[in-house]
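Number of protein chains: 2
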Amino acid sequence: MMIPVILSGGSGTRLWPVSRKSYPKQFCALLREETPFQETLLRARSLGIKASPIIVGSWEHRFIMAEQLRQVDIEDATILLEPVARNSAAAMAAAAFLQADQDDEAILWFMPADAEISDLAALGEVLSQARQAAEKGFIATFGMQPTRPETGYGYIEQGPALAGVENSFHIARFLEKPDESEAKRLVNDGRYFWNSGMYIAKAKVFLSELKALAPDIYDNVQKAIRHNSRDLGFVQLDKEAFSQSPSISVDYAVAEKTRRAAVVPARFNWMDVGSWDAVWELTPKDEAGNAVRGNVFLDNARNCYVHSDGVVATVTGVSDLIIIVTQDAVMVSHRDSAQDVRHMVARLKKEGHSEAEQHVRVYRPWGFYESLIKKERFQVKRIYVSPGEQLSLQKHFHRAEHWVVVGGTAVVTRDQEQLIVQENESVYLPLGCVHRLENPGRIPLTLIEVQSGAYLGEDDIIRLDDIYQR
Amino acid sequence: MMIPVILSGGSGTRLWPVSRKSYPKQFCALLREETPFQETLLRARSLGIKASPIIVGSWEHRFIMAEQLRQVDIEDATILLEPVARNSAAAMAAAAFLQADQDDEAILWFMPADAEISDLAALGEVLSQARQAAEKGFIATFGMQPTRPETGYGYIEQGPALAGVENSFHIARFLEKPDESEAKRLVNDGRYFWNSGMYIAKAKVFLSELKALAPDIYDNVQKAIRHNSRDLGFVQLDKEAFSQSPSISVDYAVAEKTRRAAVVPARFNWMDVGSWDAVWELTPKDEAGNAVRGNVFLDNARNCYVHSDGVVATVTGVSDLIIIVTQDAVMVSHRDSAQDVRHMVARLKKEGHSEAEQHVRVYRPWGFYESLIKKERFQVKRIYVSPGEQLSLQKHFHRAEHWVVVGGTAVVTRDQEQLIVQENESVYLPLGCVHRLENPGRIPLTLIEVQSGAYLGEDDIIRLDDIYQR
């Protein structure tokens, strides 16, 4: 019995402005139609693993995860929600406790949700080797054969061979991200591998090592699982207990201390799609080395990655640039500086720019909205409500709203009335009225909301009733 | 008597995407609060020239010119409208004929509307020298002292001194834009000057030389002036006649053929603000040589010009780039390729992208509108109507409209009704109804228009009445 555990807690700031805290990279389809989150799930399924997956992710992303599962027809996943981010050791512990309640002999395959692996057959081969190590009580990880002196990854040094398991070794030590000369030495040496972040272990082995080596994590996460609350199909960890767990990676908390760590060298292409430079590498290029996406025009450009979500982008006479154009932010960087984008994001956040973490399009359990224009005394939004969904019953103290339906049919509650509003009809919601928007139909509802008033912040909302319990 | 003549017919494609055919560079405030068009007018006024200016510009830009004149309180200008662009010789001829009707001894100072000149005192000095040459029957031009081997300008070779006029010379010849090695030679030689495009001549002298050297231009422009139509304060040239004038620059048509050409060397900073590289040069820079405008964040950037009209733009680890971000287009270019932007614009135009020539914000005699979102079956626009103005009486065959007033007060004609619509009120205009929007108030009117229908093109409009006679 092997259970896929998808670790989906990353925030992906190096892929800003497409990836942001509110909608991070594992949910963004940058390379193909499926997102990395979806591909990670489908990969396990393709390898013949039939057990229901466990997903550990952020409470903030719960509706994104649910929607992306629905898109790829995965209906049996358990979504375990972290109320706060506590790094990989705590996330893995939560999944292990959840599984141990059912069967602590089960083998867990922990996978970060943002890696690129194209050779499924080769993955299957090392997976079965790692599984053998796990059966023997080891916590196995894949060591990826380095193909270049990468300074963006951690490394693992291989130790002596594991008795009785093919292609498996003790781990001599974990190495932090090296500088360039050190990275060159590691690649040439032959005993060093990239740390993939994937782990394979029995639930009970992982938990007993965690108990011995990081009891603080063990105790608090155990408490957080015991006091979980189940709601709308999600398993939510207890916030108070989980918050008290130390925030440490599994490498430091367990893997580099335990004598049960094993590394299984893997010789296929693997990539942490963690920066725009990596996206450039993985995208098909023209003869001059350019990879483009969207409404992009090049003239005399070389080795560039240019991505536009909508507006026309032109690029003339440059090389080795990354240019990302989204609705509310433009990022230009040299390819060699692709890793530094996160510093820019931190700076924008510090200076109070919402573009650092929030998107124009804001996803909600019922659909999404996006602001089209916001000025001193008015704002216009496009609102999309999925079939069968409804917004909360609410009121505002500082703004009135006009809703013009431009697609589908709405049922609008306005104080004591209930109105059916069809395409090309509108309704007025005076300041202070209690109202609700609902799409009872079989097709999406799209409307244009025109707000006017002295204060137009999202926090001017009193929710009186909400089917999503916000 | 000296009359300033502002030549405002340029289209400025090298400053795309800020400058576009529908709103070209002479009307864009890139360096200071005033636009080049306004600065050119104010410069003449600052030199003590009291005569009413003549402006020659495109019919398409008539309301932009009127609005920009209003902003700087110039009320006495005559605006001469070209129905089609026919280059500088025809534009100057039109102004000369207009003036000659009143007083053909008057001296005309022809000025392109897009040059940068900061030293007014020095300009005043050479202007009085050029004026002396003009009094003696010469067609004088300023020869700007070259300060670098510029390949983007034409050059003038100085001939023998003009008898009896200080600092004035015959012109030996005009030189086309040189290549770099030729440009170096010209700069070092000392007898070559940049061609400023400014000319100073008596109206009758200019016209008699034109008659002798380019009779086709003379005859057709004379006819276009004779059959002009005056309307809403504009003097519109007759389209049929003006279209038949050859489209040639004054340099080729007159100046390099006439024996009356004179050059007045000028030793102050002058710049044709014709490309983004020039804008970078003229904008104050930080220690690393970067000039920025708008919501821009730099990290480890050198010698860049970054301009954003709205959204956040971040720039990391690059040098010598020009990055221009507008609402509907992003342009990235190496500084050395700044001149090539026009090729990109030509390509976008050829491939049918309206961004090549049109802005999101479209100016109309009554104000402006901009599209906020356009999808299959709906479009949302923001509409701004200046106090006292009104749109045409119109109807649409394929769309219905909702208008929500978010600022000011509207008077709306809807078939037989007349409605007063105040802030926070809305009105519905069903498909086919005859309607008109009017701002009778003292403050601007802003409304959000939500269109819905099967076809949303601008050409679905029947104008039944229009105070601007469109």
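Protein sequence lines correspond, in order, to chains A and B. Using my numbering, the letters of the first sequence correspond one by one to residues 563 to 1032. Using my numbering, the letters of the second sequence correspond one by one to residues 563 to 1032. All C-beta atoms, glycine included, are put in the ideal place defined by N, C-alpha and C.
Would you call the region 738 to 753 of chain B and the region 722 to 730 of chain B in contact, with 3 or more CB pairs under 8 Å?
-> no
Could you give the distance in angstroms between the alpha-carbon of V922(A) and the alpha-carbon of I935(B)?
-> 13 Å
Straight-line Cα distance separating V973(A) from G1003(A) = 9 Å
Contact under 8 Å by Cβ, F700(A) with A817(A) = no
Can you say whether M673(A) is buried or exposed, counting buried as having 16 or more other CB atoms within 10 angstroms of its CB?
-> buried
Just grab the DSSP bridge partners of T1008(A) for me.
-> Y946(A), G969(A)
Which runs of the beta strand (DSSP E) fall wholly inside the region 682 to 719 of chain B and span at least 3 residues, in chain order?
-> 701 to 706
Taking the alpha carbon of G705(A) as the point to measure from, which residue in Q720(A), Y780(A), A696(A) has its own alpha carbon closest?
-> Q720(A)
May I have a chain-ordered list of the alpha helix (DSSP H) segments no shorter than 4 residues that lie completely inside the region 607 to 683 of chain B?
-> 624 to 633, 649 to 662
Any residues in the region 873 to 885 of chain B with a beta carbon nearer than 8 Å to a beta carbon of chain A? Which ones, in chain order?
-> V873, V874, A875, T876, V877, T878, G879, V880, L883, I885
If you drop the 5 nearest sequence neighbours on each side, which residues of the same chain put their C-beta closer than 6 Å to that of V983(B)?
-> V967, A972, V974, V989
Name, going along the chain, the residues of the region 811 to 832 of chain B whose beta-carbon falls closer than 8 Å to a beta-carbon of chain A.
-> none
Whole-angstrom distance between R1032(A) and Q806(A), CA atom to CA atom | 24 Å
If you drop the 5 nearest sequence neighbours on each side, which residues of the same chain put their C-beta closer than 8 Å to that of D1085(B)?
-> The question about residue 1085(B) has no answer here: the residues shown for chain B are numbered 563 through 1032.
According to the neighbour-count rule (16 or more other Cβ atoms, all chains shown, within 10 Å of its Cβ), is I1005(B) buried or exposed?
-> exposed
In angstroms, rounded to a whole number, what distance separates the CA positions of A662(A) and Y754(A)?
-> 33 Å
Give me the Cα-Cα distance between R939(B) and S933(B), rounded to the nearest whole angstrom.
-> 14 Å
Inter-stretch contact at 8 Å, needing at least 3 Cβ pairs: the region 761 to 768 of chain B / the region 624 to 638 of chain B | no
Would you tell me roughly how many angstroms separate the C-alpha atoms of Y717(A) and N757(A), rounded to the nearest one?
-> 5 Å
For K957(A), name the three-state secondary structure that DSSP assigns.
-> strand
Cβ-Cβ distance between V874(A) and V868(A) below 8 Å | no
CB-CB under 6 Å to Q600(B), same chain, minus the five flanking residues each way: which ones, in chain order?
-> Q630, V634
So, do the region 647 to 659 of chain B and the region 675 to 690 of chain B have three or more beta carbon pairs nearer to each other than 8 Å?
-> no
Three-pair Cβ contact test at 8 Å for the region 951 to 958 of chain A versus the region 1022 to 1031 of chain A = yes
For Y1030(A), the three-state DSSP class (helix, strand or coil) = coil
Which residue's Cα is closest to the Cα of Q1013(B): K937(B), Y946(B), S948(B), W578(B)?
-> K937(B)
Do you know whose CA, among P777(A), E802(A), L775(A), lies nearest R788(A)'s CA?
-> E802(A)
Does the beta carbon of Y867(B) come closer than 8 Å to any beta carbon on chain A?
-> no
How big is the Cα-Cα spacing for L769(A) and A658(A)?
-> 7 Å
State the Cα-Cα distance for the pair A591(B) and S895(B), rounded to the nearest angstrom.
-> 21 Å
If you drop the 5 nearest sequence neighbours on each side, which residues of the same chain put their C-beta closer than 8 Å to that of I733(A)?
-> T703, I718, E719, Q720, G721, A817, E818, A823, A824, V825
Interface residues of chain A facing F940(B) [CB-CB closer than 8 Å] | V968, G969, T1008, I1010
Under 8 Å from the C-beta of A734(A): neighbouring residues of chain B | Ordered by position in chain B, no residue passes the 8 Å Cβ test against A734(A), which lies about 36 Å from the chain.
Any idea if V880(B) is buried or exposed, counting beta-carbon neighbours within 10 angstroms, 16 or more meaning buried?
-> buried
Check whether the Cβ atoms of D1022(B) and H960(B) lie closer than 8 Å to each other.
-> yes
Relative to chain A, which residues along the region 950 to 967 of chain B have a C-beta separation below 7 Å, given in chain order?
-> A962, H964, V966
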